[in-house]
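Q: Numbering of the sequence shown is given in UniProt numbering, commencing with residue 1 and proceeding in unit increments.
A single structure is presented below for examination.
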Amino acid sequence: MNHGFVQSIIRNQIDRDEYDKDQRLLKLEKERQLLSGEIKEERKRKEKRAPLHQVYVPPHMRKGSTSTEQSPTTLLTKESSESELLLQLEFEGKDGKMSYLNITKNDDLKKSVRQFAAANGLDSRLRDALYHKLYLELRGT
């Protein structure tokens with residue numbers, strides 16, 4: 001029985017057995033983590049976060065959405081709500097509170113970022129990094 005076909009069958013059986021052993025070990029490890037509560041804590045951390053995907057807004061609804069969906073933490077003035085929305089930033093604070101920063105065509109970026117940082121307790125280093133990131137993002141559009 002030293003034929004090549006029989007040897008490949010034997011190799012497949014050995015590989016399948018090793019795979020089954022690995023799967024059983026992973027299953028046991030997950031059960032141990034469930035009992036110790038490690039996975040529950042990870043799920044709680046993931047559930048707190050807001051979705052990070054962008055939502056498509058049709059062009060005919062874009063103008064109306066900026067003025068009707070203002071939240072208290074949105075930094076929009078009357079003159080900037082009438083202009084075109086270029087960028088919307090979602091920010092989750094340490095306390096889990098969501099804040100939004102809408103950047104429109106007529107906004108002063110530096111002033112808006114400074115107000116947003118003050119409202120959300122960001123230090124100067126984070127404020128400058130946010131300004132730089134938004135500046136690069138808007139320059140590309």
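Glycine included, C-beta positions come from ideal geometry on N, C-alpha and C.
What do you get for I14, buried or exposed, if any count of 16 or more other CB atoms within 10 angstroms of its CB means buried?
A: Within the sequence shown, numbered from 1, the residue matching residue 14 stands at position 14. So I14 counts as exposed.
Q: Is the shortest distance between the beta-carbon of L35 and the beta-carbons of chain C less than 8 Å?
A: This model lacks chain C altogether; it includes just one protein chain.
Q: Could you have a look at E84 and say whether DSSP puts it in helix, strand or coil?
A: As a first step, residue 84 must be located in the sequence shown, where it is residue number 84. DSSP places E84 in coil when its eight states are reduced to three.
Q: On the premise that N106 lies in contact with Q88, defined as a C-beta separation below 8 Å, what is that separation, rounded to the nearest angstrom?
A: Here residue 88 refers to the residue found at position 88 when the sequence shown is read from its first residue. Here residue 106 refers to the residue found at position 106 when the sequence shown is read from its first residue. No, Q88 and N106 are not in contact; Cβ-Cβ is about 15 Å, not under 8 Å.
Q: Determine the DSSP secondary structure at Q13, reduced to helix, strand or coil.
A: One-based indexing of the sequence shown puts residue 13 at position 13. The three-state secondary structure of Q13, taken from DSSP, is helix.
Q: Between the Cα of V55 and the Cα atoms of E90, I9, E31, which residue gives the shortest distance?
A: Taking the sequence shown and counting its residues from 1, the one referred to as residue 55 is at position 55. From the listed residues E90, I9, E31, the smallest Cα separation to V55 is found for E90.
Q: Which value, in whole angstroms, describes the spacing of the CA atoms of D20 and Q33?
A: Locating residue 20 in the sequence shown gives position 20, counting from the first residue. Locating residue 33 in the sequence shown gives position 33, counting from the first residue. The alpha-carbon atoms of D20 and Q33 are separated by roughly 20 Å.
Q: Going by the CB atoms, is the gap between V113 and L134 shorter than 8 Å?
A: For the purposes of this step, residue 134 is identified with residue 134 of the sequence shown, where counting begins at 1. For the purposes of this step, residue 113 is identified with residue 113 of the sequence shown, where counting begins at 1. Cβ atoms of L134 and V113: closer than 8 Å.
Q: What span of residues does the alpha helix (DSSP H) with N102 cover, start to end?
A: In the sequence shown, the residue the question calls residue 102 occupies position 102. From DSSP, N102 is part of no alpha helix (DSSP H) but of the beta strand (DSSP E) over 98-104.
Q: Just to confirm, is the Cβ distance from L85 to T104 under 8 Å?
A: Residue mapping note: residue 85 aligns to position 85 of the sequence shown, counting from 1. Residue mapping note: residue 104 aligns to position 104 of the sequence shown, counting from 1. In this structure, T104 lies closer than 8 Å to L85 by Cβ.
Q: Please list, in chain order, all residues of the same chain as R125 whose beta carbon is under 7 Å from its beta carbon, the five residues on each side excluded.
A: Taking the first residue of the sequence shown as position 1, residue 125 is located at position 125. Result list for R125: empty, nothing under 7 Å.
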